[in-house]
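The opening position of the sequence shown corresponds to residue 1 in the numbering used here, with each subsequent residue numbered one higher. For glycine and all other residues, C-beta sits at the position ideal for the given N, C-alpha and C. Remember, it's a predicted structure, so these values are computed and weren't measured experimentally. Down below is the structure, laid out as structure tokens.
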Amino acid sequence: RRLLEGVKKFDTEQFLFSSTELIYAPCAVGQTINENSPIYPKWDYPKSKVITEKLIHENRGNIKTVIMRIVGCYDNECHSIPIANQIQRIYEKQLIAHLFPGNITHGSSYVHLDDLSEAIWLAVQKRKQLTDEFKVLIGEDKTLSYEDMQNQISELIDGRAFKTYQIPKWFAKMGAWILDHIPFAGGSFIKPWMMDIADDNYEIDITLAKQTLGWTPKWFVGNALPLMIQNLKKNPAYWFQTNDLKPSRDL
């Protein structure tokens, strides 16, 4: 709000905000989410985005706004918190890598940093052509399931298939709590509250981005995983460091 009040003093042509696809209710496999899908944020992060979107609407004045509802971002070294942790669990052959508290046929869309950068650039270039309050989904229109991600990562690391078992949420919550409270372990990425959203499935329709911005993603996360694993194998120490991960003692 303070930022919007400040930029009203200038000749501001456009205000662009990065929101998230997670403000939407999840969809069934084979269905897609578009800009008009039901808004149903389920935890604090997407709830904060919904609040901010409303604040921008109420305080923008005459400034044209762009709300980009962006999916999870990655690059060739990974730099995606969920993907990096998934790769680490399989690379270190952790037992919990084989366990998942949700439907393993569900998944979520991603977008490469290069593609996201282009979408932002296009929104700026076309600022005079866009509506006063333009809201758009930005992400890949193909979604890998959690099981597909598991299998592909394992094939790239060890050259073999990977078995993933679905476990009850109550059991997973208990295990996550224990992992997070082991003395001197520094805490776990996996938190008990995550079990409640493990079944969520996000597949998106990017027709609006294609038609209005002229944007189509050039990357697909399934094609980028080989580069992530290649960079991991080339220099494990650097890969763990750049992805802000703590390697096991064996590594």
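In the DSSP assignment, L137 falls within the unbroken beta strand (DSSP E) covering E133 to I138. Linking L245 to I153 through their CA atoms gives a straight-line distance of about 17 Å.
Look at the beta carbons and you see the stretch 42-61 not touching the stretch 99-111: under three pairs across the two are nearer than 8 Å. The stretch 40-98 contains, as complete alpha helix (DSSP H) runs of 4+ residues, the segments 44-59 and 81-91 (chain order). Cβ-Cβ distances below 7 Å link I190 to A176 and L179 in the same chain, with the five nearest sequence neighbours on each side left out; the list follows chain order.
According to the DSSP assignment, V124 belongs to no beta strand (DSSP E) but to the alpha helix (DSSP H) extending over L113 to Q125.
F100 carries a strand assignment under DSSP once its states are collapsed to helix, strand and coil. The count of Cβ pairs closer than 8 Å, one atom from the stretch 203-211 and one from the stretch 48-61, stays below three, leaving the stretches out of contact. In the three-state reduction of the DSSP assignment, Y202 falls in the coil class, being assigned neither a helical nor a strand state. For F17, the uninterrupted beta strand (DSSP E) segment begins and ends at Q14 to T20. Spatial neighbours of I33 in its own chain (CB-CB distance under 6 Å, excluding positions within 5 residues in sequence) are listed in chain order as Y24, C27 and I204. Runs of alpha helix (DSSP H) with 4 or more residues, each lying fully within the stretch 148-215, are found at 169-180, listed in chain order.
For S145, DSSP records a beta bridge to G107. Nearest neighbour of V29 by Cα position, chosen from I197, N201, L213 and G214, turns out to be N201.
By the beta-carbon neighbour count (other beta carbons within 10 angstroms, threshold 16), E92 is exposed. Bridge pairing for I33: I204 [DSSP].
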